[in-house]
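A.B. asks:
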Amino acid sequence: KAGVTQTPRYLIKTRGQQVTLSCSPISGHRSVSWYQQTPGQGLQFLFEYFSETQRNKGNFPGRFSGRQFSNSRSEMNVSTLELGDSALYLCASSPTGGGQPQHFGDGTRLSIL
Amino acid sequence: DQQVKQNSPSLSVQEGRISILNCDYTNSMFDYFLWYKKYPAEGPTFLISISSIKDKNEDGRFTVFLNKSAKHLSLHIVPSQPGDSAVYFCATQYNNNDMRFGAGTRLTVKP
Numbered sequence: 001k002a003g004v005t006q007t008p009r010y011l012i013k014t015r016g017q018q019v020t021l022s023c024s025p026i027s028g029h030r031s032v033s034w035y036q037q038t039p040g041q042g043l044q045f046l047f048e049y050f051s052e053t054q055r056n057k058g059n060f061p062g063r064f065s066g067r068q069f070s071n072s073r074s075e076m077n078v079s080t081l082e083l084g085d086s087a088l089y090l091c092a093s094s095p096t097g098g099g100q101p102q103h104f105g106d107g108t109r110l111s112i113l
Numbered sequence: 114d115q116q117v118k119q120n121s122p123s124l125s126v127q128e129g130r131i132s133i134l135n136c137d138y139t140n141s142m143f144d145y146f147l148w149y150k151k152y153p154a155e156g157p158t159f160l161i162s163i164s165s166i167k168d169k170n171e172d173g174r175f176t177v178f179l180n181k182s183a184k185h186l187s188l189h190i191v192p193s194q195p196g197d198s199a200v201y202f203c204a205t206q207y208n209n210n211d212m213r214f215g216a217g218t219r220l221t222v223k224p
């Protein structure tokens, strides 16, 4: 069974640009969550999607957005990039969410110059 | 706000000894807790979980203890092995559909 796939693995952008990250969940998993990991901060919850609907959102500015497609694949978008957005962005999937153990992808490392 | 706290950023133990990783939380309404392990350049992997109706859950070398009155949980690894060297995150289910994670503890098991 294929795991959670995130693309790209690495990305370099400059301030003010926007970026789109992609996540393909495990087949059959309908819940997809996104997290930002920075040194010393652990994983900060961004948002969770289920059946193309955002069910929950963390405490991030509106520059961070996401969506989920009918095949459960998800994308997150960050607009007007800032230096502080440099981080590892992790996607995780589970069958239906609700606290079920999540399966994580290996992340997208975003660097802002 | 840090609702889940792992106050020890790192821990070093000798192979064969016990590793104890600690986690504190602030909200008594949290009712489900998980531990994840993360190796460099990989995403976290689920290790073990515990519901608030229990105070202990065991899976092989891994045991999680929950002290609800103290809002504290701990992960015990016995015996510790060099392959256990990783960053360990505790997490709790919050508001039904999102997870809150601690900052992680880097465990080093020395041969």
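The listed protein sequences correspond, in order, to chains W and H. For the first sequence, my numbering gives the first residue as 1, with consecutive numbering after it. For the second sequence, my numbering gives the first residue as 114, with consecutive numbering after it. Where a beta carbon is used, it is the ideal one built from N, C-alpha and C, also for glycine.
Is there at least one Cβ from chain W nearer than 7 Å to F146 (chain H)'s Cβ?
C.D. replies: no
A.B. asks: Mind checking which residues open and close the beta strand (DSSP E) that includes H185 (chain H)?
C.D. replies: H185 to I190
A.B. asks: Could you give the first and the last residue of the continuous beta strand (DSSP E) run that contains R67 (chain W)?
C.D. replies: F64 to Q68
A.B. asks: Kindly list, in the order they appear in chain W, the residues whose Cβ is closer than 7 Å to that of S162 (chain H).
C.D. replies: P101
A.B. asks: Hey, how far is the Cα of L90 (chain W) from the Cα of G3 (chain W)?
C.D. replies: 13 Å
A.B. asks: Please classify F143 (chain H): is it buried, with 16 or more other beta-carbons within 10 angstroms of its beta-carbon, or exposed?
C.D. replies: buried
A.B. asks: Quick check: is the beta carbon of G215 (chain H) nearer than 7 Å to any beta carbon in chain W?
C.D. replies: yes
A.B. asks: Output yes if chain H places a C-beta closer than 7 Å to the C-beta of L90 (chain W); else output no.
C.D. replies: yes
A.B. asks: Are the beta-carbon atoms belonging to L147 (chain H) and S164 (chain H) less than 7 Å from one another?
C.D. replies: no
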